[in-house]
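The structure appears right after this line, and notes come after that.
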Amino acid sequence: MNNIKVKKNINLLNYTTIKIGGYTEFFAEPSSIYDLIEYLKWVKLNNLKFRIIGAGSNLLINNTFHKGLTICTRKLKKITINKLSGYVETECGVMLPVMANLLAQNGCEGGEWLIGIPGTTGGAIFMNAGSGNLWTSKYLLSVQVFDTKNLSIYNLNKENLIFKYRFSSFQTNEFVILKANFMFKPNKNIKKITDKTKQNLKNKTDKQPYHLPSFGSVFKNPKDNYAGKLIEEVGLKGFSIGGAQVSNMHSNFIVNNGDATSEEIYQLITVIQQKVLQKKGIFLHPEVRMIGY
Ligand SMILES: Cc1cc2nc3c(=O)[nH]c(=O)nc-3n(C[C@H](O)[C@H](O)[C@H](O)COP(=O)(O)OP(=O)(O)OC[C@H]3O[C@@H](n4cnc5c(N)ncnc54)[C@H](O)[C@@H]3O)c2cc1C
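Pasting the structure below:
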């Protein structure tokens, strides 16, 4: 356990895209998978709580004190792409837009939509992040995980995991995703893929408030419906509580107008749920993950 260097009392605000976060008792940003495992063993040895943050792009962290260790994976960003086969190996902290651009440069098709999702591969597998009917699981082959219960490493094939709309088995087990392998379509037209990747980003930034702090879509779309459409229909587009506002660009986004607190965001989520339930009879399930609630 030579590499254990934890920081103390770190504000997690700068580790989330909504720019809100409480203090964590201990904080670590491992720069190798080996170190990540060492931290997880240290947690177990000291009987501490822990939580994993990727890019923090799907997180609402309560502005309180969080006991235990928070581990951010964003320095685990090794990626290799075999352009002849389309086979990709990534560490869990690789950002999806980085992967999208590298795929395009190497003529590998299938990842053009990843450009608009500001998360890590670990977070994307955990969330089964997606765009339309394209999900992270579609291109996934296997995942290497660390089981925090028995401190073992496993390689799991996709077939042994469950993936649904914004759901993966990792939401119900105690595995930390270390690495992942994907397969894309090789030997395709680089210009065509690059153009499509650029266009996808433009489509997103034209319609969604990328210029303001947010955590992307707040709610999962109900079956055969859209959360944003329902929120707009009950008259909540642009509605705000303090610094937390339902975006005027896209009603399934809540933006932080500068000084929003976690309480204001949480209240706004609750108001939306109540109003949509009252007026439409539909309960909106949050997509965003909450820490400390
Ligand atoms: C502007 C914007 C646009 C977005 N657009 C989309 C979109 O189009 N589609 C979509 O699906 N999402 C979208 N999102 C949401 C978000 O980017 C995705 O859910 C993303 O996959 C989250 O990745 P992350 O690394 O930020 O995870 P985090 O937010 O850091 O964490 C999310 C969850 O994953 C867990 N986790 C992270 N890494 C690991 C790991 N290595 N092992 C185990 N658990 C882990 C965390 O503990 C947490 O529970 C958007 C967000 C923003 C801000």
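Residues 8 to 300 (our numbering) make up the sequence shown, in order. C-beta: ideal position from N, C-alpha, C; glycine also. Bear in mind that the values here come from a model prediction, so they are computed numbers and not experimental data.
- Under a 10 Å Cβ-count criterion, Gln252 is classified as buried, with 16 or more other Cβ atoms of the shown protein chains found around its own Cβ.
- Here the distance from the Cβ of Ile59 to the nearest heavy atom of ligand 1 is below 7 Å.
- The beta carbon of Pro104 sits no closer than 7 Å to any heavy atom of ligand 1.
- Rounded to the nearest whole angstrom, the CA to CA distance from Lys227 to Asn54 is 34 Å.
- The three-state secondary structure of Ile25, taken from DSSP, is coil.
- Proximity of the stretch 33–50 to the stretch 232–251 falls short of the contact definition, fewer than three beta-carbon pairs being nearer than 8 Å.
- Beta-carbon to beta-carbon, Phe189 and Val95 are separated by about 4 Å, close enough to satisfy the 8 Å threshold.
- DSSP, read as helix, strand or coil, puts Ala35 in strand.
- Taken in chain order, the whole beta strand (DSSP E) runs of length 3 or more contained in the stretch 176–210 are 182–190.
- With a minimum length of 3 residues, the unbroken runs of beta strand (DSSP E) contained wholly in the stretch 242–298 fall at 251–253, 260–263 and 296–298.
- In the DSSP secondary-structure assignment, Cys79 is bridged to Ile60.
- Placement of the Cβ of Met256 at a distance of 7 Å or more from every heavy atom of ligand 1 is found.
- With contacts defined as CB atoms closer than 8 Å, Thr268 and Asn70 qualify as a contacting pair.
- Between the stretch 139–158 and the stretch 173–190 there are three or more C-beta pairs closer than 8 Å, enough to call the two in contact.
- Classified as exposed, Phe72 has fewer than 16 neighbouring CB atoms from the shown chains inside 10 Å of its CB.
- Looking at the backbone, the Cα of Gly114 and that of Lys84 are separated by about 21 Å.
- Shown here, Ser144 sits in a helix according to DSSP, grouped into three states.
- For Asp213, the three-state secondary structure derived from DSSP is helix.
- Annotated as proximal: Lys192 and Gly93, with beta-carbon spacing under 8 Å.
- Asn207 is not a Cβ neighbour of Gly288, given a cutoff of 8 Å.
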